[in-house]
Amino acid sequence: MTAAVTQRCLLLSQSLLLRSRSMISKQTPLRTLRGQRHTACGFSRTFSSSTGTLRSEDKVTVHFINRDGEKITTEGKIGDSLLDVVVNKNLDIDGFGACEGTLACSTCHLIFDENIFKQLDPITDEEMDMLDLAYGLTETSRLGCQICLSKSMNGMTVSVPEGVADVRQAADMGLTPS
């Protein structure tokens, strides 16, 4: 890819990010309380240092297949988003959730098994816009910040695509326009 094409792609990505943030702020009040953020699943605590004790009926086992093929098994609370699970359990998934669940990136892109995908809530236009920017998009792709855990998801396996579209990485490499 030439430098000019790369620069145009980055400008487009930045424009879409700014537009989506603007649309989100107009449609959804993102008032946050100290230590909380708004997600598709409602308000949730982030960066919690304690794991707390959950009853078995309040948690779901999730298997993540990382970019390198490593299987990471963890548990999350029913009602939490998959992004919450990754953040709260401090899972080693590089670059996951750069926008912290505000629908301004596609770094929490996950690929679902078809049987689980069919059970998910319908995709919104805003999520679809962000998925359009994702690498390795499939028919069963969704953003982890928009998927809330339910009991029927217990034992599911989700795959993290090999590539990630993260404007921050381009900035680190000096590819963003000045």
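Take the sequence shown: its position 102, counting from 1, is numbered 161 in my numbering, and each next residue is one higher.
All C-beta atoms, glycine included, are put in the ideal place defined by N, C-alpha and C.
Given the structure is predicted, the values throughout are model-derived calculations rather than measurements.
May I have the straight-line CA-CA distance separating residue i from residue j, to the nearest angstrom?
i, j, result
"residue 174", "residue 166", "23 Å"
"residue 213", "residue 121", "7 Å"
"residue 116", "residue 148", "19 Å"
"residue 128", "residue 185", "29 Å"
"residue 154", "residue 172", "22 Å"
"residue 146", "residue 156", "8 Å"
"residue 188", "residue 160", "14 Å"
"residue 118", "residue 183", "26 Å"
"residue 218", "residue 190", "15 Å"
"residue 16", "residue 152", "Outside the shown range of the chain (60 to 237) lies residue 16, about which nothing can therefore be said."
"residue 176", "residue 200", "8 Å"
Figure out for me which residue from the options has the closest Cα to the Cα of residue i.
i, options, result
"residue 137", "125, 206 and 128", "206"
"residue 170", "154, 180 and 198", "198"
"residue 158", "221, 143 and 183", "143"
"residue 208", "200, 134 and 172", "134"
"residue 180", "154, 118 and 202", "202"
"residue 216", "124, 117, 100 and 148", "124"
"residue 221", "100, 204 and 126", "126"
Between residue i and residue j, which are expected to be in contact by the criterion C-beta below 8 Å, what is the C-beta distance as a whole number of angstroms?
i, j, result
"residue 140", "residue 178", "15 Å between Cβ atoms; not a contact."
What residues match up with residue i in a beta bridge as DSSP calls it?
i, result
"residue 138", "Looking at the DSSP assignment, residue 138 forms no beta bridge with any residue, so it has no partner."
"residue 209", "None; residue 209 has no bridge partner."
Inset, instruction - Evaluate contact between the region 186–197 and the region 155–172, counting only Cβ atoms and requiring at least three cross-stretch pairs below 8 Å. - result: yes
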